Structure formats: C-alpha cells, structure tokens
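Numbering (this note's numbering), first residue to last: 15 to 118.
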C-alpha cells in the first residue's frame, strides 16, 4: 500500500514554515490616512482662524474663536493621532502597525 503525501523539504532553521504561517500581508489604509491628513489640516486652519478672531485681526461675529477652537480640537486631535500611528507603522517603530488605523 503506497501513500501519497505532499511533503516538501525545509531549510535547516524552518524559515519556510514561519514565513507561510506567521507573516500576514499588511494593507495600507490609504483612505484613512488621507482623511487623517485632511482632519489635521482642517484643525490647524481652525486654530489659526480662532487666533485671528481672538486678536481681532479678522472681523466677524463676537466670540467666534470659541467655536473655531472647539472645531480645531475636534478635528486636529484625532487626525494627528492617526497620522502619528501611520508614521510609526511606516518607520517600523515597535508597537505600531497599520492594523491600528481603522479603515473606511
């Protein structure tokens, strides 16, 4: 009785098994990175507008700087956080992967 098995020759250190079983293909979430970049730019622009309203160099409604400051925080903080994770994943810092960025 003869059995047919799909055996293959391994390297001495077993790198083939590690590569096939433990390396996952990482996909870069470009849409999320572009959204994070847009949110960071929008937040920075809101901070600039808030400062211009505060110093009264830009005419508009009174106390508009409060709204621009809140808008700046709401958009800048999450955008910069996601860009920081993307930078860490790109540079290969320990603990940073593209899987930490939500994909939309």
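The beta carbon of each residue, even a glycine, is placed where N, CA and C say it ideally should be.
None of these values were measured; they are calculated from a predicted model.
Residues of its chain near residue i, where Cβ-Cβ distance is below 6 Å and the 5 sequence neighbours each way are ignored
{"i": "residue 94", "result": "54"}
{"i": "residue 50", "result": "93, 96, 97"}
{"i": "residue 102", "result": "110"}
{"i": "residue 40", "result": "112"}
CB of residue i within 8 Å of CB of residue j, strictly
{"i": "residue 79", "j": "residue 90", "result": "no"}
{"i": "residue 115", "j": "residue 43", "result": "yes"}
CB-CB length for residue i against residue j, believed under 8 Å
{"i": "residue 118", "j": "residue 57", "result": "Actually they are not in contact, since the Cβ atoms of residue 118 and residue 57 sit about 18 Å apart, beyond 8 Å."}
Contacts around residue i, its chain only, beta-carbon distance under 8 Å, and the 5 residues preceding and following it disregarded
{"i": "residue 60", "result": "82, 83, 85, 86, 89, 90"}
Close Cβ partners of residue i (< 7 Å) along its chain, the five nearest in sequence each way excluded
{"i": "residue 66", "result": "72"}
Separation of residue j from residue i, as counted between CA atoms
{"i": "residue 48", "j": "residue 62", "result": "21 Å"}
{"i": "residue 75", "j": "residue 106", "result": "47 Å"}
The segment 98-110 contacting the segment 72-86, beta-carbon criterion three pairs below 8 Å: no
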